[in-house]
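Here the structure is laid out as structure tokens; the discussion comes afterwards.
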Amino acid sequence: MLQHQALDRVFQALSDPSRRAIVDRLSRGDASVSELAQPLAMSLAAVVQHIQLLEASGLIRTRKTGRVRHCHLDRDVLSLAETWLSLRRAMWEDNLDRLGEVLAQQKARKLAEARAAASTEPTKTPPATPRRQRKPT
Amino acid sequence: MTSPLTAPITSHGDFSINRVYDASPADVWDAWADNATKARWFIGPEGWQQVERTLDMRVGGIEILHGRFAGNGLETLFTARYHLVEPQARLVYVYDMHLSGRHHSVSVATVEFIGDPEGTRLRFTEQVTFVDGTDGRDGTLSRKRGTSAHLERIAGVL
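So the protein sequences, as listed, match chains X and B. Heads up: the first sequence at position 36 corresponds to 36 in the numbering used here, and the numbers run straight through without jumps. Heads up: the second sequence at position 83 corresponds to 220 in the numbering used here, and the numbers run straight through without jumps.
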């Protein structure tokens, strides 16, 4: 199972269409940097940058033979079954974090309302309509 | 016969997530049971827009969350059926996930609401079967085809 940080790097690497095109090309076999650059409408320097980012994510490995740099896709990193499961887990973690924020907001609002009610009408019971003007805290 | 490299495969997985919320079990439960409150936290990632949302949280009741990504148009459809509804205690539902009309996964989700000195402990467990099998037999990317489409779809839900 991929660690979360590693997965973030993989997703970041795959978030760009050019990098996806590079990975797609490498899924059909190894290629040199210039072979990868050929179909892409960008400078060689830009392609090299994309390749460096892909290498940092662990998705691809490169090795230099003479003046030519060869690129290879690491299929273990890109196991889809794992990727989908990690993605699903990440989705739920985001949602459950957001649920925590909603609950915290609700609690803060209730507290502020109770405080406002207490400060404006200290001797009376809380009003039936909680929508009363309150001072900013 | 289908090529082994592109044959449909299934993969299975499960995970649990624990959270402690500074709120009563009643408040945490309401955040799941009330459609308007749930709409504030049960949403897609950035770029995702809601198309339709319904919630009928009774045994046999259906929940639907349909959405679309603005950028690439990828469509997400979550369809759940509730199997166990015990207010402020437990929730078990089965849900399908479709991505752009394609059946992606079937899951059993269990949510437990546990009273805690600090508020409420929530435990979410999902057992999932991914049925969207254009994966290679070993669970890695198909060498011949499918790679590009898969990458686009992964990128779509980032």
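C-beta: ideal position from N, C-alpha, C; glycine also.
Can you tell me where the beta strand (DSSP E) holding residue i begins and where it ends?
i: V95/B; result: Since the first residue of chain B shown is 138 and the last is 295, residue 95/B is not available in this structure.
i: T262/B; result: G256 to F267
i: S153/B; result: S148 to Y158
i: D69/X; result: In the sequence under discussion, the amino acid at residue 69/X is Arg, which differs from the Asp named in the question. V68 to L73 is the extent of the beta strand (DSSP E) around R69/X.
i: I60/X; result: I60 to T65
i: E212/B; result: E212 to E223
i: G252/B; result: R239 to D253
i: L228/B; result: R227 to L236
Which residues in chain X have a C-beta closer than 7 Å to the C-beta of residue i? List them in chain order.
i: R156/B; result: L96 and G100
i: A168/B; result: L99, V102 and L103
Just to confirm, is the Cβ distance from residue i to residue j under 7 Å?
i: F152/B; j: E263/B; result: yes
i: V165/B; j: M194/B; result: no
i: V231/B; j: R239/B; result: no
i: L85/X; j: G150/B; result: yes
i: L40/X; j: S57/X; result: no
i: A170/B; j: T257/B; result: no
i: L259/B; j: R156/B; result: yes
i: R103/X; j: Y158/B; result: With the sequence shown as reference, residue 103/X is identified as Leu, and Arg is not the correct amino acid for it. In this structure, Y158/B lies closer than 7 Å to L103/X by Cβ.
i: A31/X; j: C71/X; result: yes
Using a Cβ-Cβ cut-off of 6 Å (strictly less than) and excluding sequence neighbours within five positions of residue i, which residues of its own chain qualify?
i: L214/B; result: H203 and H235
i: L244/B; result: Here residue 244/B is Ser; the residue named in the question, Leu, does not match the sequence. Hits under 6 Å: Y232, E263 and V265.
i: A144/B; result: Note that A144/B has pLDDT 47, beneath the 50 cutoff, so the model's placement of it is unreliable and no number is given.
i: E183/B; result: none
i: R69/X; result: V33 and T62
i: V248/B; result: L228 and F261
i: A168/B; result: T174
i: L53/X; result: A13
i: E200/B; result: L192 and A217
By Cβ distance, which residues of its chain are closer than 7 Å to residue i, with the 5 residues on each side in sequence left out?
i: S27/X; result: L73
i: V188/B; result: H203, G204 and R205
i: G181/B; result: G204 and T213
i: V47/X; result: V33, L36, A37 and L40
i: D25/X; result: It is Arg, not Asp, that sits at residue 25/X in the sequence shown. Excluding positions up to five away in sequence, the list reads A31 and L36.
Could you tell me which chain B residues have their CB closer than 7 Å to the CB of residue i, listed as they occur along the chain?
i: Q106/X; result: D164
i: R115/X; result: The contacting residues do not exist; R115/X stays about 18 Å from chain B at best.
Within its chain, find whatever has a CB closer than 8 Å to the CB of residue i; leave out the 5 residues flanking it on each side and keep chain order.
i: S242/B; result: D233, M234, V265, T266, F267, V268 and D269
i: Q106/X; result: none
i: N172/B; result: R190, T191 and L192
i: R9/X; result: A56, S57 and G58
Within the continuous alpha helix (DSSP H) that includes residue i, where are the two ends?
i: E55/X; result: L44 to S57
i: L36/X; result: V33 to A37
i: I22/X; result: P17 to L26
i: D167/B; result: P162 to A170
Can you list the residues of chain X that residue i reaches, using a CB-CB cut of under 8 Å?
i: D171/B; result: Residues of chain X passing the Cβ test: none, with the nearest at roughly 11 Å.
i: D159/B; result: L103, A104 and K107
i: G208/B; result: The premise fails here: G208/B is roughly 11 Å from chain X at the closest Cβ pair, so nothing lies under 8 Å.
Could you work out which residues of chain B lie near residue i, taking near to mean beta carbons separated by less than 8 Å?
i: L93/X; result: According to the sequence displayed, residue 93/X carries Glu and not Leu. The answer, in chain order, is I154.
i: L54/X; result: In chain order: nothing, as chain B lies at least about 12 Å away.
If the cut is a Cβ gap below 7 Å, which residues of chain C does residue i touch?
i: R61/X; result: You won't find chain C in this structure, because its protein chains are X and B.
Against residue i, what residues of chain B qualify as contacts under a CB-to-CB distance less than 9 Å, listed in chain order?
i: R69/X; result: Those do not exist, as R69/X stays about 22 Å from chain B at its closest Cβ, beyond 9 Å.
i: R9/X; result: Neighbours of R9/X on chain B: none; closest Cβ ~12 Å, over 9 Å.
The ligand NAP and residue i: does any heavy atom of the ligand fall closer than 6 Å to the residue's C-beta?
i: V222/B; result: Among the ligands in the structure shown, none appear at all, so the ligand NAP cannot be discussed.
Going along the chain, which residues of the stretch 255-267 of chain B sit with their C-beta nearer than 8 Å to a C-beta in chain X?
Residues of the stretch 255-267 of chain B with a C-beta less than 8 Å from any C-beta of chain X: L259, F261, E263, V265 and F267, listed in chain order.
Would you list, in chain order, the members of the stretch 177-190 of chain B that have their beta-carbon closer than 9 Å to a beta-carbon of chain X?
R177, W178, F179, I180, G181 and P182
Which residues, in chain order, does the stretch 22-40 of chain X contribute to contact with chain B at a C-beta distance below 8 Å?
V23, D24, S27 and R28
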